[in-house]
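Inspection log for the structure reproduced underneath, given as structure tokens.
Residue numbers (the working numbering), protein chains in the order written: chain Y, -14 to 482; chain E, 65 to 494.
Here it is, written out as structure tokens:
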């Protein structure tokens, strides 16, 4: 990292928005870097959200997020193909439980079709509904079916975006919390806790911290409110859902949905609580109860017994209740803030818009000759046939060593996750890239082994391996260290006496 | 792909697998052990405390010592084993596929299979504790591995949730290491592990045991900063206003063990709602020639009991090869064994009335502690065919009944046998 280097563009924030903008920029002949506060990208809102790619009928017409969502949904197919991340259009249901809700569904269907959402369909035939989604409640009276809605693994997608951006020249810096931004002579100096970066343009995609970053330059025209959503995740194969199930939305939120993840676990959530603590990703007893009860309205058979994990995510809600995507009064500083739902769906449309802004700023957008839009799908042990497996282990014996028993993940997959561009440097980083520790035992068996591999690959002492960066060490001392310290203290004391 | 043809394939080289393999070899059949770890011995190797072997060897050994006796015998008998080898599939026709770094993908054909994969620990998610997800939360067994095998300490101030045996043993182990163990918190009104561990691991070190309390919140975003516990009522519902905060940097979970039956499921054997495979009194699963023993079948209190069960599985697998393998099966008459009054768990699931029948061994656990009780075995017409008096029963201890089937008068037409644990009837005074 060279301090004197001047970047054309500095992106602040390595969530799905920052990374999709980085990926959109990487095809141009520009010097781009991305700064992330955490030890890994995709660790904020990106990590803990529903992973739903919405059809786009949700937001009201007065908001820019409506059109960005509809456009974003359509852009998914191409990017998913190029980058090979887990994405499937499985379709969604908005579930009406009372007949007077049907009228509302009809209304959003009409508007949706006018705005270019394909194949929105109102289904009132209970048998047909049950056929499409056998787990749905018997109370259902009708559903709005949106076949273009899909599910995506948001963090795997973000890793894919970052990897692709990195091989096309974008530089990623993690553990770089921005504490100050100065602007003079058309150059921004972005100071982090560790060093400083200089750039001609800055894009603020700091998610929950976007208002704070914007205020560093005196731009205080918006605020970010925090909304917490809690989720309960269920063991795989306990309940198999075909569709994303939404309740009829309220003014505050889309409500508690029940949905399959790309990897086959069902989940229920999120609820919505307005909070003020930026760090509060804790789950609560009443919250989890609310989530389960909400989920059971749509799928009565949600088994609490089979829940394997609960978690909470924070959503950045702007005070305008809309996305804030602006070329600001400070020339060269772009805010991309308040990207709450449907932000994940809209990310590619948002990136398109940001590129337009950058062009407006007079940045030359010349396409690179050697731009590579593709990223290979990470190979998985469980996806090989026996024949392939035999060949693979012969080529590289680390395929033959299983590290995670629950999800059957080999040493090779973990090595790939660490050695990838913008690869894993923490236990959570490995876990979110290739899933060891996501299964039933939640890392009980594989954690020491993952730590061993990280320590070997990163050339770090075993004890220095962290769960998710600074202050999250797994181990605190070697055995006997504490007791020896105590003995020493006593010896010194005895000598004095 | 390398193929192996053997008599008995043994999946898992821990306490159960080792004992079963020895039994098979002694009967002059060829076993093969497949172990996914780098050494034999399984979880025993991290259990460096003593207390193993009192029943099996009439001696007090540590876990590695106990395992080593079997490993030595394995070597003396020249029993083959594969380390760092993970079985990934058992097909319905009993072919086993495994992978390893050295051999790649291998296929094992055997006449009988013994499942001895052991168990795993329950995790936090399974008990749905609200709060943050910081570092510093371990299952007790994982912490034990870090301390005893890797040589590192997971933290300095510790709270242990659940009074399972590993939890209590870790309380003592970490105290020896200079850590401060602030409390062992148990949701039940009584300890869930063995009484001897309560005395030797907690009371001897003045470690507070807090019963009828449960974890209600986890504090700290990066590293654990503390936990909130609350008193629970009869139905384990939280009593409002009883919250207590305990500062700690580490939380160990000792909230129970679950048999690890993924392969059993892949093989297509029926799994009982209690966890382990559905078996008959020969330890045979619902797949002919596939036997289960040790903690993969049911979580035992003592390794000595695992060994005893594994020896039976080894013998039965040999008997199976001698008497039934490759022959057309006679129709087998299986009677369902069910739990009755104050019984919450029972194994086997079926009693099989065929030529293999010997001693009938029944394991069961009670729901509530009780004194001066009578255990009775009855059929569905309430005819009592066996009874035994005991001074006491407690939920944390597995009970074993060994019944000589020859002495029982079972109505061969009955469909069901039921075990009751009832108060001893007062003797009638003439």
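C-beta atoms are modelled at their ideal positions from N, C-alpha and C, and glycine is treated no differently. Nothing here was measured: the structure is a model prediction, and the numbers come from that model.
List the residues of chain E whose Cβ lies closer than 8 Å to the Cβ of residue i, in chain order.
| i | result |
| --- | --- |
| residue 471 of chain Y | 242 |
| residue 429 of chain Y | 184, 185, 187, 203, 205, 206 |
| residue 76 of chain Y | Simply none; closest approach about 29 Å. |
| residue 447 of chain Y | 214, 216 |
| residue 264 of chain Y | 285 |
Which residue comes first and which comes last in the alpha helix (DSSP H) that contains residue i?
| i | result |
| --- | --- |
| residue 332 of chain Y | 328 to 345 |
| residue 80 of chain E | 79 to 90 |
| residue 478 of chain Y | 466 to 481 |
| residue 246 of chain Y | Per DSSP, residue 246 of chain Y belongs to no alpha helix (DSSP H) and is neither H nor E. |
| residue 130 of chain E | 127 to 140 |
| residue 89 of chain Y | 87 to 99 |
| residue 281 of chain Y | 270 to 283 |
| residue 491 of chain Y | There is simply no residue 491 of chain Y to check, as chain Y begins at -14 and stops at 482 in what is shown. |
| residue 298 of chain Y | That residue, residue 298 of chain Y, is in no alpha helix (DSSP H); its beta strand (DSSP E) goes 292 to 303. |
Round the Cβ separation of residue i and residue j to the nearest angstrom and send it over; I've been treating them as touching at under 8 Å.
| i | j | result |
| --- | --- | --- |
| residue 443 of chain E | residue 481 of chain E | 6 Å |
| residue 155 of chain Y | residue 18 of chain Y | 7 Å |
| residue 403 of chain Y | residue 366 of chain Y | Contact doesn't hold; Cβ gap of about 16 Å is too wide. |
| residue 340 of chain E | residue 411 of chain E | 7 Å |
| residue 193 of chain Y | residue 273 of chain Y | The pair is not a contact, with the Cβ atoms about 22 Å apart (cut-off 8 Å). |
| residue 473 of chain E | residue 449 of chain E | 6 Å |
| residue 408 of chain E | residue 431 of chain E | 4 Å |
Just the chain E side, please: which residues come within less than 7 Å of residue i by C-beta, in chain order?
| i | result |
| --- | --- |
| residue 331 of chain Y | Neighbours of residue 331 of chain Y on chain E: none; closest Cβ ~28 Å, over 7 Å. |
Would you kindly work out how many angstroms separate the C-alpha atoms of residue i and residue j, rounded to a whole number?
| i | j | result |
| --- | --- | --- |
| residue 89 of chain E | residue 143 of chain E | 7 Å |
| residue -14 of chain Y | residue 426 of chain Y | For residue -14 of chain Y, the predicted structure reports a pLDDT of 47, less than 50, and the residue's modelled location is therefore unreliable. The matter cannot be settled from this model. |
| residue 220 of chain E | residue 461 of chain Y | 8 Å |
| residue 566 of chain E | residue 124 of chain E | Chain E is shown from 65 up to 494; residue 566 of chain E falls before or after that span and cannot be answered. |
| residue 182 of chain E | residue 268 of chain E | 30 Å |
| residue 328 of chain Y | residue 439 of chain Y | 33 Å |
| residue 380 of chain E | residue 347 of chain E | 8 Å |
| residue 16 of chain Y | residue 399 of chain Y | 30 Å |
| residue 311 of chain E | residue 217 of chain Y | 27 Å |
| residue 324 of chain E | residue 220 of chain Y | 15 Å |
| residue 319 of chain E | residue 159 of chain Y | 37 Å |
| residue 27 of chain Y | residue 21 of chain Y | 9 Å |
| residue 49 of chain Y | residue 118 of chain Y | 32 Å |
| residue 367 of chain E | residue 128 of chain Y | 56 Å |
| residue 320 of chain Y | residue 197 of chain Y | 11 Å |
| residue 376 of chain Y | residue 162 of chain E | 14 Å |
| residue 289 of chain E | residue 282 of chain E | 8 Å |
| residue 353 of chain E | residue 185 of chain E | 28 Å |
| residue 188 of chain Y | residue 324 of chain Y | 14 Å |
| residue 98 of chain E | residue 271 of chain E | 40 Å |
| residue 5 of chain Y | residue 333 of chain Y | 6 Å |
| residue 224 of chain Y | residue 299 of chain E | 27 Å |
| residue 213 of chain E | residue 110 of chain E | 6 Å |
| residue 197 of chain E | residue 290 of chain Y | 20 Å |
So with CB distances below 9 Å, who are the chain E contacts of residue i?
| i | result |
| --- | --- |
| residue 386 of chain Y | 148, 150, 163, 164, 165 |
By the criterion of Cβ-Cβ separation under 7 Å, what are the contact partners of residue i in chain Y?
| i | result |
| --- | --- |
| residue 168 of chain E | 375, 378, 379, 385 |
Who are the neighbours of residue i on chain Y, taking C-beta pairs under 9 Å?
| i | result |
| --- | --- |
| residue 199 of chain E | 412, 451, 452, 453, 456, 457, 458, 459 |
| residue 220 of chain E | 461, 462, 467 |
Which chain Y residues sit within Cβ distance under 8 Å of residue i?
| i | result |
| --- | --- |
| residue 209 of chain E | 433 |
| residue 100 of chain E | 387, 390 |
| residue 280 of chain E | 270 |
| residue 65 of chain E | 371, 375 |
Along the chain, where does the beta strand (DSSP E) that runs through residue i open and close?
| i | result |
| --- | --- |
| residue 323 of chain E | 321 to 323 |
| residue 487 of chain E | 480 to 487 |
| residue 61 of chain Y | That residue, residue 61 of chain Y, is in no beta strand (DSSP E); its alpha helix (DSSP H) goes 49 to 68. |
| residue -7 of chain Y | -9 to -3 |
| residue 321 of chain Y | 318 to 322 |
How about residue i: is its C-beta nearer than 9 Å to some C-beta of chain A?
| i | result |
| --- | --- |
| residue 244 of chain Y | Looking at the structure shown, chain A is missing, and the protein chains on hand are Y and E. |
What are the uninterrupted segments assigned as beta strand (DSSP E) that are 3 or more residues long and contained completely in the stretch 118 to 144 of chain Y, given in chain order?
127 to 131, 135 to 137
Ignoring anything shorter than 4 residues or poking outside the stretch 357 to 383 of chain E, list the alpha helix (DSSP H) runs there in chain order.
none
What are the start and end residues of each continuous alpha helix (DSSP H) run of 4 or more residues lying completely inside the stretch 149 to 220 of chain Y, in chain order?
195 to 200
Beta strand (DSSP E) runs wholly inside the stretch 421 to 446 of chain E, at least 3 long, in chain order
423 to 430, 434 to 443
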